[in-house]
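What follows is a short report on a single structure.
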Amino acid sequence: MSLFTTKPSTDGKPRITAPKQWAWLLCLAMGCSEDPSGFLYEEQMLEAVDMHLHSGEWSLIPPSTQSYLASNFPFPFSLVPGQLAEQALSAESIVDQLDGAGLKQGVVFAVYAPHSVGVTTNEMVIATIAEAPDRLLGLASLRVDNWEEDSESELAALDAALAHDEMIGIKLAHAHQHFRMDDPAYYDIYEIAAQHQAPIYLHTGPSPFPGTMGAAPYTDASFLEEAIAMFPDANFILGHVGYDFTNKALGTFETCLDLATRYENVYLEPSALGSEGSDPTGENYPAIFRRALEEGLANRMIYGSDGPQYPGFLASYAERTRIAMESADYTLEDAELFLSGNFERIFGLSR
Amino acid sequence: MKWLTAILLLALPLQAEADSRSKISQGATEWTAKGGFAWSGVAARYGVSPRVATLAEVETALFVRWEGRAGLQIQWLDSEAWALDTTLALGAVRQESTVSRQGPQASIVVRISKTGNVEPYLAIHNREFLSMTSTQVLSEEDTTTRWETELLHARGGTLGVVFPTTKHFMVDIGLQMGSMDSAFAIPSFFTAVHWRPSK
Amino acid sequence: MIKHMHCLLFLGWTGCLAPEALYEVELSGTVMSDQSGPVELWFMHASRGEGVLETEHIIFDTTWLDSEGDFTYTLQVPQAGGEGLEIYGWQDTNEDGAHCRPGTDPELSGLVESADYPSHAIEIELELFAECEGPESL
Chain P
14 MSLFTTKPST
24 DGKPRITAPK
34 QWAWLLCLAM
44 GCSEDPSGFL
54 YEEQMLEAVD
64 MHLHSGEWSL
74 IPPSTQSYLA
84 SNFPFPFSLV
94 PGQLAEQALS
104 AESIVDQLDG
114 AGLKQGVVFA
124 VYAPHSVGVT
134 TNEMVIATIA
144 EAPDRLLGLA
154 SLRVDNWEED
164 SESELAALDA
174 ALAHDEMIGI
184 KLAHAHQHFR
194 MDDPAYYDIY
204 EIAAQHQAPI
214 YLHTGPSPFP
224 GTMGAAPYTD
234 ASFLEEAIAM
244 FPDANFILGH
254 VGYDFTNKAL
264 GTFETCLDLA
274 TRYENVYLEP
284 SALGSEGSDP
294 TGENYPAIFR
304 RALEEGLANR
314 MIYGSDGPQY
324 PGFLASYAER
334 TRIAMESADY
344 TLEDAELFLS
354 GNFERIFGLS
364 R
Chain F
0 MKWLTAILLL
10 ALPLQAEADS
20 RSKISQGATE
30 WTAKGGFAWS
40 GVAARYGVSP
50 RVATLAEVET
60 ALFVRWEGRA
70 GLQIQWLDSE
80 AWALDTTLAL
90 GAVRQESTVS
100 RQGPQASIVV
110 RISKTGNVEP
120 YLAIHNREFL
130 SMTSTQVLSE
140 EDTTTRWETE
150 LLHARGGTLG
160 VVFPTTKHFM
170 VDIGLQMGSM
180 DSAFAIPSFF
190 TAVHWRPSK
Chain X
21 MIKHMHCLLF
31 LGWTGCLAPE
41 ALYEVELSGT
51 VMSDQSGPVE
61 LWFMHASRGE
71 GVLETEHIIF
81 DTTWLDSEGD
91 FTYTLQVPQA
101 GGEGLEIYGW
111 QDTNEDGAHC
121 RPGTDPELSG
131 LVESADYPSH
141 AIEIELELFA
151 ECEGPESL
């Protein structure tokens, strides 16, 4: 989970960036809701789904990550971060942001990452969705701690969560959850995914959050290839497409692209990396769209933001996405696929 | 415009004979209580000479961050039209929260006001805060403490207006913008009451 | 006196915020392996947290050794970071910087928990015996 994107200043400390400052002020002063009218691209209103959103509770975030997040809140909210975070992570606030960005729906992630970003249980996600069932969907997850003893019960819990109609896929984050991408002991997860026809979203690339694993077997999507090949009936969504958030570089993006080129069941989701904090020059995000087009992968790209982050983030990310697609000469058809078509196709949702 | 007119109308009938907010007479004492978002606090000033006053202040942001300071205010200009003063102060910061901070702080405030019954003013501030964090290393031989420091600043300005309500009381309303701990801060607003028991 | 009482408003700050406490450990030991090559050691708390946030293998420091064999290292263990002390190691036999990159030969790894911690001088023996395993699987 990344509640707030940041960029290091010259002294290496994360700093909230200028556009976010005004977003904070404007949204606090005037509110951020607009009527959900759609995503404007090439003078057409398109339907768009944000497949990467977070909810949760401040108390279920480890202290080190709480400090990291709080240091990115503007003063004086940094003094009472829990209150602001809880409000931002609520269903009401998420839907407000969807409206502000012209997005039809959003997908909220369950997370079981006590090492790093914290825990948002499947039950919490289901409860969040229930507050706005026509606007929110969810991805289920499971604990992988103590796997040798608890795998059976955890897999059963995952299976039960996927029985809910609104839980349409599985979220995994090897770097946050501390398990290797190439460890066959966890492949039963993909078996369940295939049985439910539930796509699996996997975090790829390093993460700036305290307590995350940086080693290659936990971040480099090439370590997923064995699983991708073994489970052709399961769809693997490579989240953040291997982006290096620490150095604001493409990282192992080409590895993700290569996997998508060679395997039909691989999809690409460029969330978070397109924000002003993660791509300050604005060059990396369009480059990803451009490369995907060059490799004929417009039908594999899926839109996600990694919000809600800060007030107005979803709208800001949508706007930067529009600019990136235009820069990469995305046609209307390409944009439609990216914004909702590919998502609805692989998640089996009717249009 | 309407609210500005209301303030002026409110102030006019209460022609106070108080000093301007900026200047305080020699031998006079002023007490201040301030409340608002995010800062609250109390302060005191004492005029040691016609142009110099000592001051002490304690303020808190949401009762989580506490700052105290003491210093000197020097009146450079006190005419019928304008007043200009500078306040230099030393103090300390203590913040116990998810992000904790502590350390000494030096500040300077330059304030210009349009003197009159109603005094609009602009105050520019710069506070340099030396944030100090300590680490204690317990080895077999002994326990050593090492300190790391980081210089942070709070820079910005306050736009406000002071008007007297009685002979001894003045009301001060202000909006403060700027940075805090070298990062963007949400603007704050306050209302303060200044009390001068005697001139 | 009254006119000077305002000075009393300046309150001195007595008592600082609690410092971060680090427990120093002079670690020595032997890394045993049938392979050869650089070894990365991860120093971890065995456990941390309660309830939903309870977890294990919390990394607080890492270092590289030029090869298997004897080593010494000075650790500063964060006291607030968790309980216990574990050392995980993996051997970068092909020196590509990654543990068992797909398409390469298996590289060994191992995990040991110190029974002596907390102690300022600890000796360990770390055997690298498992192929391509992270600490979560050992």
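Protein chains in written order, with my numbering: chain P, 14 to 364; chain F, 0 to 198; chain X, 21 to 158.
C-beta: ideal position from N, C-alpha, C; glycine also.
Span of the alpha helix (DSSP H) holding residue i?
{"i": "T78/P", "result": "P76 to A83"}
{"i": "N355/P", "result": "N355 to I359"}
{"i": "W160/P", "result": "W160 to L175"}
{"i": "V138/P", "result": "N135 to A143"}
{"i": "G95/P", "result": "P94 to A101"}
{"i": "F86/P", "result": "Here F86/P belongs to no alpha helix (DSSP H), and DSSP marks it neither H nor E."}
{"i": "Y203/P", "result": "D201 to H209"}
{"i": "Y137/X", "result": "Premise fails: Y137/X is in no alpha helix (DSSP H) and is neither H nor E."}
Kindly say whether residue i, judged by its beta-carbon, lies nearer than 9 Å to any beta-carbon of chain X.
{"i": "L73/P", "result": "yes"}
{"i": "G218/P", "result": "no"}
{"i": "I188/P", "result": "It is worth fixing the name first, because residue 188/P is Ala in this sequence and not Ile. Not an interface residue."}
Note down, in chain order, every chain F residue with its Cβ under 9 Å from the Cβ of residue i.
{"i": "A104/P", "result": "Simply none; closest approach about 24 Å."}
{"i": "E93/P", "result": "The amino acid occupying residue 93/P in the given sequence is Val; Glu does not appear at that position. What V93/P touches in chain F: L61, V63, S96 and T97."}
{"i": "A141/X", "result": "E139"}
Taking C-beta to C-beta, are residue i and residue j nearer than 9 Å?
{"i": "A285/P", "j": "G227/P", "result": "no"}
{"i": "L281/P", "j": "R313/P", "result": "yes"}
{"i": "L171/P", "j": "I183/P", "result": "yes"}
{"i": "D319/P", "j": "H65/P", "result": "yes"}
{"i": "W62/X", "j": "D81/X", "result": "yes"}
{"i": "P223/P", "j": "T232/P", "result": "no"}
{"i": "G95/P", "j": "Q79/P", "result": "yes"}
{"i": "H152/F", "j": "S187/F", "result": "no"}
{"i": "L146/X", "j": "M52/X", "result": "yes"}
{"i": "V72/X", "j": "T225/P", "result": "no"}
{"i": "L59/P", "j": "A341/P", "result": "no"}
{"i": "D196/P", "j": "G154/X", "result": "yes"}
{"i": "W81/F", "j": "S106/F", "result": "no"}
{"i": "I336/P", "j": "G290/P", "result": "no"}
Whose Cβ in chain X lies nearer than 7 Å to the Cβ of residue i?
{"i": "T134/F", "result": "P39, E40 and L42"}
{"i": "V132/P", "result": "V72 and L73"}
{"i": "T144/F", "result": "P39"}
Report the neighbours of residue i on chain X: residues whose CB is nearer than 8 Å to its CB, in chain order.
{"i": "F236/P", "result": "R121 and P122"}
Step through the CB atoms of chain P and report whether any lies within less than 9 Å of the CB of residue i.
{"i": "V72/X", "result": "yes"}
{"i": "C36/X", "result": "no"}
{"i": "A135/X", "result": "no"}
{"i": "G57/X", "result": "no"}
{"i": "G69/X", "result": "yes"}
{"i": "M131/F", "result": "no"}
{"i": "L36/F", "result": "For the sequence presented, residue 36/F should be read as Phe rather than Leu. Answer yes: the Cβ-Cβ gap between F36/F and chain P drops below 9 Å somewhere."}
Relative to the C-alpha of residue i, which candidate in the options has its C-alpha closest?
{"i": "E95/F", "options": "V108/P, A98/P and V93/P", "result": "V93/P"}
{"i": "E115/X", "options": "W84/X, E74/X, S48/X and L148/X", "result": "W84/X"}
{"i": "F62/F", "options": "A69/F, I73/F, G35/F and L87/F", "result": "G35/F"}
{"i": "F302/P", "options": "E277/P, A114/P and F266/P", "result": "F266/P"}
{"i": "V130/P", "options": "S288/P, A186/P and A262/P", "result": "A186/P"}
{"i": "L121/F", "options": "A43/F, L87/F, V108/F and K33/F", "result": "V108/F"}
{"i": "E79/F", "options": "R100/F, G115/F, G102/F and G67/F", "result": "G115/F"}
{"i": "E357/P", "options": "K117/P, P245/P, E332/P and E144/P", "result": "K117/P"}
{"i": "H124/F", "options": "S138/F, Q104/F and T28/F", "result": "Q104/F"}
{"i": "Y276/P", "options": "G255/P, L251/P and N260/P", "result": "L251/P"}
Looking at the secondary structure, which residues open and close the beta strand (DSSP E) in which residue i lies?
{"i": "V170/F", "result": "F168 to M179"}
{"i": "N114/X", "result": "Run containing N114/X: none; DSSP gives neither H nor E here."}
{"i": "L281/P", "result": "V279 to E282"}
{"i": "S340/P", "result": "Note, S340/P: premise wrong, no beta strand (DSSP E); alpha helix (DSSP H) at F326 to S340."}
{"i": "S133/F", "result": "E118 to L137"}
{"i": "T164/F", "result": "Note, T164/F: premise wrong, no beta strand (DSSP E); not H, not E."}
{"i": "E44/X", "result": "E40 to S53"}
Please tell me whether residue i has its Cβ less than 9 Å away from any Cβ of chain F.
{"i": "H77/X", "result": "no"}
{"i": "Q79/P", "result": "yes"}
{"i": "S353/P", "result": "no"}
{"i": "S48/X", "result": "no"}
Going along chain X, which residues have a C-beta under 9 Å from residue i?
{"i": "L177/P", "result": "Going by the sequence as given, residue 177/P is His instead of Leu. Within 9 Å Cβ-Cβ: nothing; H177/P doesn't reach chain X, min ~20 Å."}
Give the interface partners of residue i over in chain P, defined as CB-CB distance under 8 Å, in chain order.
{"i": "A118/X", "result": "A228, A229, P230 and D233"}
Find the residues of chain P that neighbour residue i, judging by a C-beta separation of less than 7 Å, and give them in chain order.
{"i": "G102/X", "result": "Residues of chain P passing the Cβ test: none, with the nearest at roughly 10 Å."}
For a contact defined as C-beta to C-beta under 8 Å, what are the partners of residue i on chain F?
{"i": "F326/P", "result": "Going along chain F, no residue has its Cβ under 8 Å from F326/P, so there is no contact; the nearest lies around 15 Å."}
Which chain F residues sit within Cβ distance under 7 Å of residue i?
{"i": "H65/X", "result": "Within chain F, no residue comes near H65/X; the closest Cβ sits about 16 Å away, beyond 7 Å."}
Going along chain B, which residues have a C-beta under 8 Å from residue i?
{"i": "Q96/X", "result": "Structure shown: chain B not included; protein chains present are P, F and X."}
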